[in-house]
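Quick notes on the structure that follows.
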Amino acid sequence: AQKITQTQPGMFVQEKEAVTLDCTYDTSDQSYGLFWYKQPSSGEMIFLIYQGSYDEQNATEGRYSLNFQKARKSANLVISASQLGDSAMYFCASGGNNQGGKLIFGQGTELSVKP
Amino acid sequence: EAQVTQNPRYLITVTGKKLTVTCSQNMNHEYMSWYRQDPGLGLRQIYYSMNVEVTDKGDVPEGYKVSRKEKRNFPLILESPSPNQTSLYFCASSRTSGWVQGEQYFGPGTRLTVT
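These protein sequence lines map, in sequence, to chains A and B. Throughout the first sequence, residue numbering follows my numbering, covering 1 to 115 in sequence. Throughout the second sequence, residue numbering follows my numbering, covering 1001 to 1115 in sequence.
Okay, here's the thing in structure tokens:
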């Protein structure tokens, strides 16, 4: 079974600084995908970034990048130049070719950006 | 605008009173699923549907029913709600099994309280 581990329940970062949110995954699937979602206090789930297991380059989307280290089974999210609006819960998730389309989510990291 | 809609957004009900949470997507997606989110547990899949008339259980299906009579709609039915079903519910859709396409679109969430 797949498992996602986010070891940082809460983090603080100063505005305009970069921050890394950790995510490790455990899967036996040969093909899989890794996702990051942002959940602000309003509750909606906002897709941020995706990395396929066969993608050789790390994914980037604007200020978000995914530091994918396949051998270490880690998929850390890096947010550059943090903004106050980045304060939210962040969830790492994975899906695999044996999971029937299901995403497995970690427990989340609550990020607070200080002015 | 491409979106997944859910109704109602908020619901307070009493134990045993049947309820339905509707979900609709306008992207012609084949794959739809329901998740529930509880503090400290992340999101867990309740049911999913690969296509019309094809549904299957996720990780926490007890106490829930679903149907997929049309491609765009995937209602979640609680025949006899209990307080342990108090949660935040998300409907999600994607073109096929979510992870392959790199994204699952989430609805805005339904906050359900069962007293």
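Note that the Cβ used here is the ideal one computed from N, Cα and C, for glycine as well. Computed from a prediction, not measured in an experiment: that's the story for all the values here.
Proximal residues of chain A, C-beta to C-beta of residue i below 8 Å
i	result
P1108 of chain B	G43, E44
F1090 of chain B	M45
D1056 of chain B	G100
Bridge partners - residue i, DSSP secondary structure assignment
i	result
T1055 of chain B	B:S1049
D22 of chain A	Looking at the DSSP assignment, D22 of chain A forms no beta bridge with any residue, so it has no partner.
S1087 of chain B	B:L1112
V113 of chain A	A:V13
A1092 of chain B	B:S1033, B:F1106
V1004 of chain B	B:Q1025
V1060 of chain B	In the DSSP output, where bridge partners are listed per residue, V1060 of chain B has none listed.
L1076 of chain B	B:V1021, B:V1066
T5 of chain A	A:T24
G1042 of chain B	B:D1038
Proximity test, Cβ basis, 7 Å: residue i and chain B
i	result
Q117 of chain A	As shown, chain A starts at 1 and ends at 115. That puts residue 117 of chain A outside it, with no answer to give.
F47 of chain A	yes
Residues that residue i contacts on chain A, provided the C-beta gap is smaller than 9 Å
i	result
S1033 of chain B	G101, K102, L103
G1016 of chain B	In chain order: nothing, as chain A lies at least about 26 Å away.
M1050 of chain B	G100, G101
Chain B residues whose Cβ lies nearer than 8 Å to that of residue i
i	result
F91 of chain A	G1042, L1043
Interface partners of residue i on chain A, CB under 7 Å
i	result
Y1047 of chain B	Within 7 Å Cβ-Cβ: nothing; Y1047 of chain B doesn't reach chain A, min ~10 Å.
Cβ neighbour criterion (16 or more within 10 Å) applied to residue i
i	result
A93 of chain A	buried
L66 of chain A	buried
Q166 of chain A	The structure shown has nothing for residue 166 of chain A, since chain A only spans 1 to 115.
P1081 of chain B	buried
F42 of chain A	Per the sequence shown, residue 42 of chain A should be read as Ser rather than Phe. By the 10 Å Cβ count, S42 of chain A comes out exposed.
Y1035 of chain B	buried
A1002 of chain B	exposed
K80 of chain A	In the sequence on display, residue 80 of chain A carries Ser and not Lys. Classification of S80 of chain A: exposed, given that the 10 Å Cβ count is below 16.
Q1045 of chain B	buried
S1094 of chain B	buried
L84 of chain A	exposed
T1110 of chain B	buried
S28 of chain A	exposed
L111 of chain A	buried
I104 of chain A	buried
Taking only runs that begin and end inside the stretch 33-106 of chain A, name each unbroken beta strand (DSSP E) of 3 or more residues, in chain order. Complete beta strand (DSSP E) runs here, min 3: 46-52, 64-69, 74-79, 88-96.
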